[in-house]
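Participant: The structure follows.
Residue numbers (the working numbering): 48 to 226.
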């Protein structure tokens with residue numbers, strides 16, 4: 048399972064693109080459901096809720112509650128379509144992976160491949176996804192190309208969204224859960 052690494056891809060990017068949120072949007076860090084399996088759901092890693100937070104704070108601290116609420120604003124189908132059609136994450140199953148845990152919290156039924164995840168993360172440089180590849184080209188001893196594996200690229204998100212998401216992910220390291 049991709050866990051928290053799915054949040055920028057499944058929730059925040061498509062929500063930014065649709066102008067449903069911005070980096071300073073305020074959302075409530077509180078449970079979405081009062082009780083599921085005997086306790087509030089979802090819980091954050093620190094098991095605490097702090098109320099109103101910005102999207103920037105939520106990304107930096109990987110708040111599960113806000114990720115689920117952003118998913119609800121966006122819609123599960125829009126998130127799933129973005130992951131599968133725009134980012135080519137084909138490991139997801141429409142029948143089993145349309146729920147909050149799969150899409151917002153990175154707990155799909157069978158996980159996703161590392162190749163899919165790394166390809167998807169290339170969009171944060173300039174909005175262009177570069178399909179990962181195992182090799183660039185194979186040449187013979189004379190330098191003639193035997194096999195060529197040209198880069199496949201497509202524009203997935205705006206430059207603006209790519210820049211915002213990159214800054215938000217840097218906040219994870221400078222002031223959030225990775226510092």
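The C-beta atom is built at its ideal place from N, Cα and C for all residues, glycine as well.
(1) Pull up the distance between the alpha-carbon of residue 196 and that of residue 60, whole angstroms please.
(2) Taking the beta strand (DSSP E) that residue 186 falls in, what are its first and last residues?
(3) Can you tell me the Cα-Cα spacing of residue 135 and residue 160, whole angstroms?
(4) Give a yes or no on whether the C-beta atoms belonging to residue 156 and residue 173 are separated by under 8 Å.
(5) Thinking C-beta only, is residue 58 closer than 8 Å to residue 118?
(6) Could you give the DSSP three-state label for residue 50: helix, strand or coil?
(7) Along the beta strand (DSSP E) that carries residue 143, what are the first and last residues, could you check?
(8) Report yes if the CB atom of residue 54 is closer than 8 Å to the CB atom of residue 151, and no otherwise.
(9) In the stretch 97-144, which residue ranges form an unbroken alpha helix (DSSP H) of at least 4 residues, counting only runs that do not cross its ends?
(10) Is residue 205 helix, strand or coil by DSSP?
(11) Tell me which same chain residues have a C-beta within less than 7 Å of the C-beta of residue 145, skipping the five on either side of it?
Facilitator: Taking the geometry as given:
(1) Translated into the one-based positions of the chain shown, residue 196 becomes position 149. Translated into the one-based positions of the chain shown, residue 60 becomes position 13. Those two C-alpha atoms are separated by around 29 Å.
(2) For the purposes of this step, residue 186 is identified with residue 139 of the chain shown, where counting begins at 1. Judged by DSSP secondary structure, residue 186 falls within the beta strand (DSSP E) whose first and last residues are 184-186.
(3) Your numbering for residue 135 matches position 88 in the chain shown. Your numbering for residue 160 matches position 113 in the chain shown. About 11 Å.
(4) The sequence position of residue 156 within the chain shown is 109, counting from 1. The sequence position of residue 173 within the chain shown is 126, counting from 1. The answer is no: Cβ separation not under 8 Å.
(5) Mapped onto the chain shown, residue 118 falls at position 71. Mapped onto the chain shown, residue 58 falls at position 11. Cβ distance < 8 Å, so residue 118 and residue 58 count as in contact.
(6) Position 3 of the chain shown, counted from the start, is the residue given in the question as residue 50. In the three-state reduction of the DSSP assignment, residue 50 falls in the helix class, which pools H, G and I.
(7) Within the chain shown, residue 143 is the residue found at index 96, counting from 1. For residue 143, there is no enclosing beta strand (DSSP E), since its DSSP letter is neither H nor E.
(8) Counting from one through the chain shown, the residue named residue 54 turns up at place 7. Counting from one through the chain shown, the residue named residue 151 turns up at place 104. Taking a C-beta distance under 8 Å as the contact criterion, residue 54 and residue 151 qualify as a contact pair.
(9) The qualifying runs are 102-107, 111-121 and 123-128.
(10) Counting from 1 along the chain shown, the entry for residue 205 is found at position 158. The DSSP-derived three-state label of residue 205 is coil.
(11) One-based indexing of the chain shown puts residue 145 at position 98. For residue 145, same chain residues with a beta-carbon under 7 Å away, outside a window of 5 residues either side, are 123 and 127 in chain order.
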